[in-house]
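4 protein chains.
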Amino acid sequence: MIPRYANKDVNAINSDVAKLLRWQNAELAVILARVKAGGTTATDYECIKLALETNPPDVEWWKRRDDEVGHDLNAFIDERRRFIPTELQSEFHRDTTSFDTEEPAQARAFLHMCALVEKALDGFNVVCKRQAQTYQFTVMLERTHGQWGKLRSFGSRLLTWIAELNVARSQFLSAASLCKQSRIAGAMGNYGGGLTPELERQALQILGLVPFHGATQIMPRVAYAPLAQSLQLICEVLGKVALDVRLGARSGYPICHEPFGKKQKGSSAMPHKKNTILTEQMTGMARLASGYAAMLVANIPTWEARSIEQSSVERIAWPDLFHITLRMLSVMTRVLHGLAVYPDNMLREIVESRGTYASDEAKNFLALKLSERGIEADVAYRIVQLAAFNVLKPTGFWAEARQATPLELFDTDRLLQQAKNASTPPAYSIQTWIPSARLFPVAELEASNDDVESYNSILSQLFSDQSTLHAWNKLFNPSYLLKEEHFLFEKLLK
Amino acid sequence: MIPRYANKDVNAINSDVAKLLRWQNAELAVILARVKAGGTTATDYECIKLALETNPPDVEWWKRRDDEVGHDLNAFIDERRRFIPTELQSEFHRDTTSFDTEEPAQARAFLHMCALVEKALDGFNVVCKRQAQTYQFTVMLERTHGQWGKLRSFGSRLLTWIAELNVARSQFLSAASLCKQSRIAGAMGNYGGGLTPELERQALQILGLVPFHGATQIMPRVAYAPLAQSLQLICEVLGKVALDVRLGARSGYPICHEPFGKKQKGSSAMPHKKNTILTEQMTGMARLASGYAAMLVANIPTWEARSIEQSSVERIAWPDLFHITLRMLSVMTRVLHGLAVYPDNMLREIVESRGTYASDEAKNFLALKLSERGIEADVAYRIVQLAAFNVLKPTGFWAEARQATPLELFDTDRLLQQAKNASTPPAYSIQTWIPSARLFPVAELEASNDDVESYNSILSQLFSDQSTLHAWNKLFNPSYLLKEEHFLFEKLLK
Amino acid sequence: MIPRYANKDVNAINSDVAKLLRWQNAELAVILARVKAGGTTATDYECIKLALETNPPDVEWWKRRDDEVGHDLNAFIDERRRFIPTELQSEFHRDTTSFDTEEPAQARAFLHMCALVEKALDGFNVVCKRQAQTYQFTVMLERTHGQWGKLRSFGSRLLTWIAELNVARSQFLSAASLCKQSRIAGAMGNYGGGLTPELERQALQILGLVPFHGATQIMPRVAYAPLAQSLQLICEVLGKVALDVRLGARSGYPICHEPFGKKQKGSSAMPHKKNTILTEQMTGMARLASGYAAMLVANIPTWEARSIEQSSVERIAWPDLFHITLRMLSVMTRVLHGLAVYPDNMLREIVESRGTYASDEAKNFLALKLSERGIEADVAYRIVQLAAFNVLKPTGFWAEARQATPLELFDTDRLLQQAKNASTPPAYSIQTWIPSARLFPVAELEASNDDVESYNSILSQLFSDQSTLHAWNKLFNPSYLLKEEHFLFEKLLK
Amino acid sequence: MIPRYANKDVNAINSDVAKLLRWQNAELAVILARVKAGGTTATDYECIKLALETNPPDVEWWKRRDDEVGHDLNAFIDERRRFIPTELQSEFHRDTTSFDTEEPAQARAFLHMCALVEKALDGFNVVCKRQAQTYQFTVMLERTHGQWGKLRSFGSRLLTWIAELNVARSQFLSAASLCKQSRIAGAMGNYGGGLTPELERQALQILGLVPFHGATQIMPRVAYAPLAQSLQLICEVLGKVALDVRLGARSGYPICHEPFGKKQKGSSAMPHKKNTILTEQMTGMARLASGYAAMLVANIPTWEARSIEQSSVERIAWPDLFHITLRMLSVMTRVLHGLAVYPDNMLREIVESRGTYASDEAKNFLALKLSERGIEADVAYRIVQLAAFNVLKPTGFWAEARQATPLELFDTDRLLQQAKNASTPPAYSIQTWIPSARLFPVAELEASNDDVESYNSILSQLFSDQSTLHAWNKLFNPSYLLKEEHFLFEKLLK
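What follows is the structure, given as structure tokens:
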């Protein structure tokens, strides 16, 4: 991973020296297990252990040898055996094959890296929950299809992020636990020579691992694939959270914005820009994660008891996938922690929606009233739809501007000048428009004059009753619309 | 492909009967080529041709035979030979292997489907160019990073779509022409028996194809991969166009919207919704296209002179990729044709941006003036940045609302009520703010009181000169800002 | 899915009529839950239920309506309400939005399709276990890197397939259980109108589902992604099994072969061919599965409370992924059930390997003996390596043929004729070569004459002891080499 | 890229200092172009150029600034301006935005890296062509579906690799030329301020580039996608070549092998192993390339005039894709250069195929003869199929061994011992089997006794004619079977 995005702990875990020490631990665990099985003496074990620990691996020597023998584990054996008394050399890597050493070591590396991810997930959750609580009553207009829909609290939107990440998190934890499985079962996976199932069990236990029965020379990569898949899920979910932040930060009525430093510059050309570079980066990073995960899952098919296609992929894609996941978690934790929230713009959006934020309840309210009068439920839908189109129709200069098609740039100048001077049009709302029975036909919807007249007549009648109007107005209050939201906070913040 | 998205021409080309006829044509072409080479008589050819054309393939018979012999081309030979006189049977599929028949037939199918795509691309281009012309002088505020940036005409945005699709189109045309290559070179691709390079050339020519030299039993799939890749490019570009339309249609200041039918319903719950379902679907379809292309490119590795992994993939992914591409072209042509455009909202956005739409030119203007006074260019940047932050700062009720954190839903009700009644705040612009030297420090940017004071003092001095102010104001006119855009129209609409 | 590969049960589950009935069940479940909550009367519920069940959905009517309103769920409501008395119409789809209906219905579809997969997995396992048992003592030469390695029983190879598929299976079962979660929480997922968490719980329970808390308008797609991922895992593992079968069937010493029908034809050109078309197809199908899974996982990012990109992808990729998975399971069950196994060729391979099948044990044996004499362990490795190269070196005509480079085709003719007449060379084995101390230097390995002389001298000395020779010979017996294998049968066949 | 696989030239091109110098060149090109347009003086240009070249970029200073302003190009401007006289500072990066600098610089980087690939492709081609020539008359048994098929020369197999790579190469060259296009068109791509199409053209020309008209703030990523796609094609084709080498090296009758070092060790456990680690690695690397290409193609959709998702992906995936491509080219050139070829084993395979290597010609020969006698062409097929099954049927001990199912390991010991002592069975060939009319029914094929009898009777009659037998025997000669192959050498080695 390039330094810009690299995680230093992941780098340390994947360093050559750390790998050689993990291999050494795996070799020692086999010898120790053999001691327990009576195949070697404790003295020999201690002697080997001391020799090796006194002489830490020489990475450069090892690399040179690898160039020669073209086999990194064989080179490691040669490097290590240099320090073992000749008569004990055959004990080191006795009866085993490379992957009896490499697999358990790899499992240890996975577990270390997974611990980093788990911690970062916890950190993200703490911040996300805190922010959700802070904004439990900060009301906003939620969107579906990019369009203004209905109210929710900003806090409750964060709950959906928490819920979504929870799914990915639990997939991850289960996948990480699969990585505790490993194997020390010989070149074909069916033991042989001095290896036995019991020796395998003992040696793995020493390393904090458990046996996977039925492996070949290597662990089947299907056992590691879920880890890659679950890391991708985490990244995809974080990408979705980032996407929501970016969408919320779009100019117009921005409702939130990722942190922007006091010395930061958004653009080299346009000084006013506050670009959402962090959250946009998350989309790119999720793309990377998706690619790495695909590479790793593609490692499942291998020839017979093994071939080595997966090796180059794993040397690159595993560390890089962890780097990216941790980077995303760290950035998004920072983004949520420092999130700028604009409740004023949330309110402006609600006002600008002209009562349509309660169109669902309005329609249901009318449908019930109409059905009591034997009128089809669909009429309620059509009334509210038409009212919404009515109140959102531009008026005055802005109606003219909608039709304008300038034919040269000076027309455009003039039009912009007029716009700068134009007055803000009145903001009608369906809350009052419908009870006042002022529906009129619009070109965009199929409704005849007669239809519309009949709608208005129904509405006049309906809202002549003051208690109906009172009940109607209640529909437009957050306290009514959000009355069940607390349940989600209780469920998800516990 | 499911009926909902299927293209009927693609279905016809990929029908069983059309395939069997293509195979028959390939077989006949080989016999005819052999006539030319003197290996068979013209009479025998005519006799076989007549026999086959008089008796069109019986698809059901063929399928039953395929179940028996487990080889669809062998079953086809059996089906067809039924109608050939016994003494001529050995002429049919003589010296050839299955893929001497199937490859040229497949090439013909590719060429047919590519012709459909080319036509649809032309149709899209016509509509896109017409709309670009229509909106050449309709000014809008273009966005980068979702943030308001600088002006452009809406027409010029369409030009970027045209330019982008042009790249994909030219990749596609070049990939399609690769599919004119095929092979009739025997079971191992090195001729043998009665096959010769000259016979191959002749037979392919009869089919409108040219030889690919160095194939194995089959065409190397790398020759077809570019077609899949280029179809993906088309779909990705259409997906980008659709994305821009969706983004433009977001509630707030929507600048355009995909067509919405007069009887259409946006949501079963919220009657006011006009959802961008077509353009959102395009994102999903680009995802499908990406998947199909990946499957097809993955067909390149095959064992030695062939193995048959690619067959199942190609039976599914080729037609489906064409279905999706044609569906996307047809939907997006419809969307652009019926696009609702809202110049009024474009103007509202420009006004709401409070002069920042010219912050680039403003900064350059100041930088030049300052450098004349020996002041670092960066100061110009900092002045415009601060001014932008100043004019966009909320005031009055809205400033209070920004800080509000309600603690229960009744607080929220009250706040919304206040918002509904709040007056629209004055809309300051950097166009006037900067010359009037009213900069003030803000918490969001690092600039000390002293800095700001010095900025104001510079500005006062600078703008005391009326000609400076005059030149400054010119920067904010579309006719100045867009003076070079016509060049792009000339280049891309020709 | 094209008919060639389609599963009829999956087709039925995804038919229009089945979908509309699932939607109807979801709508009825909400009404029934409302009855329990006291919001509607049982009589009204029964009346609606009877009306709908008496009049099954009219798919054609529904499609026409969908064309008109551009919203399939709205069209469904219109279609169904036709049969509901006007005064009860508002009860149908009351307070809910499309995905309060579609999500639970989709969950039901998932569960049905998952049940098919689970059953097919069980069927595969039964056959695989039976075959493993049959071949528990049928010895073969296992390969790593395509090269002959060490012995195993053919049965134990099947155990590795079982173990590998077990991982995928358990991922699948856990992912399938995630699909029991659903939501009926209104247009923004925060309830509202008449919806409550309790109503959601009740309605879902009626449908055999449980609530997912914190969804938006739709279930977060991360909850379904693991299902796609796990189906891919199943397909990848089956692809690996198929790959092993294909590799085993390669001409030379084929050890097994997929079933070949009595009337089957392998090639239209070459009558002797028995092609591994089924197992090769599996590789293609795994490619398809990988593509579909990628499309579905890419559905996770969506805008805010929803956008509809995922819809087109899911309409296509979910059924097709299930079709492919079930096809693969069915084909591979058939392949394993009818697998032709060739123990004679397995034995021929072992013999042809010239004792190298025990080179691991041979090396360990020597290493121990040498270390007792204070000789480095690595010498044992070098001795066995050289011996292997010695015994595999071609002799006689074959040694000449290795160097031959014919310069025209008639040379080639002659060479082939000689080969046809050449005698089979003696097959030396390291089992006897090493004790007889006949090592000689070869160009391919770095070992000086002095080295080799010293090796021979060590060996002479070592094997002068008869008990050493006796112990050595034991190493080459299957009963010694496979003595721990039974453990795997006990673990994996239980 | 990890050091193990990194290409040092790609590393140099992508180093920070090289990037900053490319940016500097792009900035200088704009100033120089402005000089030509009369917007700046040549003296000012020279002064700035001198100042910058005298003071090379300070990478550490730049990095620290980037941390502060969160914008790497802005940090670069600040770093560079330090050395420019205050009054000329506004000339540096005047009127331009970041990507007016970064895009042309990126194009230059692409062109450099593409030149490396082109050179490596040439190197590979030279070696591949030389080897093809060397083995023009070295005959082997080509396989389809892993099964022995027909003869070809080993050289002609290499021709298919050349032909396949040629396709990828030509896609690559065309994609690389697309990267010569760039843009200097301002923040929204429509010029503005002091930028003009003419200035863009001039500045790009200075850099060896040409304008792309219709870009936004950035080049549309569809212009770079073909490069990623074509690099993937190269890698996939190399992966296919590697696959053929691995398959050819499988134990049994290995026909070739990747180079194996004189000190190399194939396995830590099994000294006899010569593993195909290089060619297997190629499969993994093609997997990586496929992932990187997918990431890069996914960069096409971006928001409006730009968002920055693509940046992180490109920082990683472009260099890594080039590293992998170059690594694969270098390894495969080495593999082909040092390829061990075993003509002896090729001959053994042909002999072992027992005449079936000419089954195609044999079938065609008989079909013609039979059709002259009014017998259906299909009978010829059935005769050759049955003969092939006859001659390949095991006999003697080996026939018994095929049926053996040992019930314990000692049975297995015994069986292996018998096999070691068993005599080699006679190798019948269809070349003699068919003329001698010795066909007999086999369980594996549907053919009644009567059928077989009639086949034998036909054959007896047919081959009673000596000239028929003579013609028949000719079919089995390489000089007959490969008589057209020279054409491919002429076409592909020219």
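Residue numbers (my numbering), protein chains in the order written: chain A, 1 to 494; chain B, 1001 to 1494; chain C, 2001 to 2494; chain D, 3001 to 3494.
By construction, the Cβ of each residue, glycine as well, lies at the ideal position given by its N, Cα and C atoms.
With burial defined as no fewer than 16 other Cβ atoms inside 10 Å of the residue's Cβ, what is the status of residue i: buried or exposed?
i               : result
residue 3291(D) : buried
residue 3050(D) : exposed
residue 372(A)  : exposed
residue 1467(B) : exposed
residue 2323(C) : buried
residue 241(A)  : buried
residue 2213(C) : buried
residue 3189(D) : buried
Can the beta-carbon of residue i be found closer than 9 Å to that of residue j?
i               : j               : result
residue 1364(B) : residue 1380(B) : yes
residue 1488(B) : residue 1481(B) : no
residue 182(A)  : residue 211(A)  : yes
residue 110(A)  : residue 227(A)  : yes
residue 1132(B) : residue 1492(B) : yes
residue 2267(C) : residue 3273(D) : no
Using DSSP's beta-bridge definition, name the partner residues of residue i.
i               : result
residue 2192(C) : 2195(C)
residue 148(A)  : 143(A)
residue 1182(B) : 1211(B)
residue 2153(C) : 2139(C)
residue 3257(D) : 3340(D)
Less than 8 Å between the CB atoms is what I'm expecting for residue i and residue j, so what's the real figure, rounded?
i               : j               : result
residue 2288(C) : residue 1313(B) : 6 Å
residue 3101(D) : residue 3023(D) : 5 Å
residue 52(A)   : residue 80(A)   : 6 Å
Within the present structure, is the beta-carbon of residue i separated from the nearest heavy atom of the ligand NAD by less than 8 Å?
i               : result
residue 3112(D) : In the structure shown, the ligand NAD is absent, as is every other ligand, since no ligand is present at all.
**Item:** Selection of the region 3110-3139 of chain D by Cβ proximity to chain C, strictly under 9 Å
**Value:** Listed in sequence order: 3134, 3135, 3136, 3137, 3138, 3139.
**Message:** Beta carbons nearer than 8 Å to chain B: which residues of the region 41-70 of chain A have them?
**Reply:** Within the region 41-70 of chain A, no residue has its Cβ closer than 8 Å to any Cβ of chain B.
**Request:** Would you list, in chain order, the members of the region 170-203 of chain A that have their beta-carbon closer than 7 Å to a beta-carbon of chain D?
**Result:** Here the close residues are 187.
**Request:** Please list the residues of the region 2144-2168 of chain C that have a C-beta atom closer than 7 Å to any C-beta atom in chain A, keeping them in chain order.
**Result:** For the region 2144-2168 of chain C, the set of residues with a beta-carbon nearer than 7 Å to any beta-carbon of chain A comprises 2144, 2145, 2146, 2149, 2150, 2152, 2156, 2159, 2160, 2162, 2163, 2164, 2167, 2168, in chain order.
**Asked** Between the region 3455-3488 of chain D and chain C, which residues of the former have CB atoms less than 8 Å from a CB of the latter, in chain order?
**Response** Taking a C-beta cut-off of 8 Å against chain C, the contacting residues of the region 3455-3488 of chain D are 3477, 3478, 3479, 3482, 3483, listed in chain order.
**Request:** Using a Cβ-Cβ cut-off of less than 7 Å, list which residues of the region 2365-2396 of chain C approach chain D; keep chain order.
**Result:** So the list reads 2381, 2384, 2385, 2388, 2394, given in the order they occur along the chain.
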